[in-house]
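Asks: First the structure, then my questions, so here it is.
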Amino acid sequence: MLENKVAYITGGTKGIGFGIAKILLENGISVAFSGRKKEDVEKAENDLKQYSENVVGIVSDVKILGNEEGAVKKTIEKFGRLDFVIANAGLGIFKPVDELSAEEWNDMIETNLTGVFYTLKASVEELKKSEGYYITVSSLAGANFFENGTGYNASKFGVVGFTQAAMIDLRKYNIKSTVIMPGSVATNFNGNVPSEKDEWKIQPEDMGNLILDILRMNPRVLPSKIEFRASKPGR
Ligand SMILES: NC(=O)c1ccc[n+]([C@@H]2O[C@H](COP(=O)([O-])OP(=O)(O)OC[C@H]3O[C@@H](n4cnc5c(N)ncnc54)[C@H](OP(=O)(O)O)[C@@H]3O)[C@@H](O)[C@H]2O)c1
């Protein structure tokens, strides 16, 4: 059912985006993914080819609408259609609000929130044609605020509201939208280097399998907001 479908994943060079790309490729879905640096994109594309040849890496910064429009164009040139858009790219800078600079604030809001809008803006006409699926990666930080989290919390709360409102606008075109709010995932996020200490966390492949489950659901149902957490709290 999912074979011959095409996904575009933002931020697929590592972490969650890479894990999602791996699982979708293993299940017959063609994948375009993005990242900011050519060498990182090329390395990830080579690494992902072990799962399927139907993968293409694209250099694109989600903060720039023209980049996202170019990424969608390249996806269509390569695979001829676009069914699933996964707005995943993001970053976190954690500081007390009085120490957070305007540049750091803007970097988080423009990447995590405006970027999610730009990715949809660039792809929505293709999603109308395919009656596809738009999935965003927010965070449990999109519902729970914490110390040093002002910019990150604001961006991720924003993604939850944005995706739910978009869900209502888009479903009249038979486009589905889901916001996923993960807890701790074993990635390179915020300078982390995944190791044995991260075994209790959600793994990037778990995010891929969650998305696969969402895509396989009966078309009459729509899981519009999902909190996704490790079953045992971390040590
Ligand atoms: N890890 C967690 O515990 C956790 C929990 C909840 C939610 N999340 C969310 O999950 C998403 C993925 O994070 P991750 O944990 O996988 O972190 P990661 O390992 O640091 O990966 C982040 C990815 O985003 C890409 N990226 C960053 N800024 C970008 C931009 N402006 N344009 C295009 N790509 C960009 C990076 O690519 P390049 O650096 O190659 O450009 C990389 O592929 C983020 O939205 C994050 O907020 C993470």
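Numbering-wise (UniProt numbering), the sequence shown opens with residue 1 and increments by one. For each residue, glycine too, the CB sits at the ideal point set by N, CA and C. Since we're looking at a predicted model, the values are computed, not measured.
#1: Just to confirm the assignment, what range does the beta strand (DSSP E) spanning Glu53 have?
#2: Mind listing, in chain order, the continuous alpha helix (DSSP H) runs of no fewer than 4 residues lying wholly within the region 71-152?
#3: My understanding is that Lys5 touches Ile29, with C-beta atoms under 8 angstroms, so please give their C-beta distance in whole angstroms.
#4: Specify the secondary structure class of Ala186 as computed by DSSP and reduced to three states.
#5: Is Arg216 close to chain C, meaning its C-beta is less than 7 angstroms from at least one C-beta of that chain?
#6: Can the beta-carbon of Ala89 be found less than 7 angstroms from the beta-carbon of Thr10?
#7: Is the beta carbon of Leu113 sitting closer than 7 angstroms to the one on Val159?
#8: Restricting to Cα atoms, I'd like to know which of Pro96, Leu24, Glu125 is closest to Leu82.
#9: Among Gly234, Asp169, Ile214, which one has its Cα closest to the Cα of Lys197?
#10: Indicate whether the contact test is met: 3 or more Cβ pairs, each with one atom in the region 218-230 and one in the region 168-183, closer than 8 angstroms.
#11: Roughly how many angstroms lie between the CA atoms of Asn148 and Ser155, to the nearest whole one?
#12: With a threshold of 16 other CB atoms inside 10 Å of the CB of Ile16, please say whether the residue is buried or exposed.
#13: How many Å lie between Pro182 and Glu77 at the Cα?
#14: Can you round the beta-carbon distance between Gly208 and Ile23 to whole angstroms, since I take them to be within the 8 angstroms contact cut?
#15: Nearest by alpha-carbon distance to Ile86: which of Lys121, Ala102, Ile109, Ser101 is it?
#16: Please report the Cβ distance between Asn27 and Leu65, rounded to the nearest whole angstrom; I am assuming they are in contact, meaning their Cβ atoms lie under 8 angstroms.
#17: Give the DSSP-derived three-state secondary structure of Glu199 in the structure shown.
Replies: Answer, in terms of the structure:
#1: Taken as a continuous stretch (DSSP letters only), Glu53 belongs to no beta strand (DSSP E), as it is neither H nor E.
#2: 102-108, 115-130
#3: 5 angstroms
#4: coil
#5: Judged by its chain identifiers, the structure shown contains no chain C, having just a single protein chain.
#6: yes
#7: yes
#8: By alpha-carbon distance to Leu82, the top candidate from Pro96, Leu24, Glu125 is Glu125.
#9: Gly234
#10: yes
#11: Cα to Cα, Asn148 sits roughly 13 angstroms from Ser155.
#12: buried
#13: Within the model, the alpha-carbon separation for Pro182 versus Glu77 is close to 32 angstroms.
#14: Gly208 to Ile23, Cβ: 3 angstroms. Contact.
#15: Lys121
#16: With 8 angstroms as the limit, Asn27 and Leu65 do not qualify as a contact, their Cβ atoms being about 31 angstroms apart.
#17: coil
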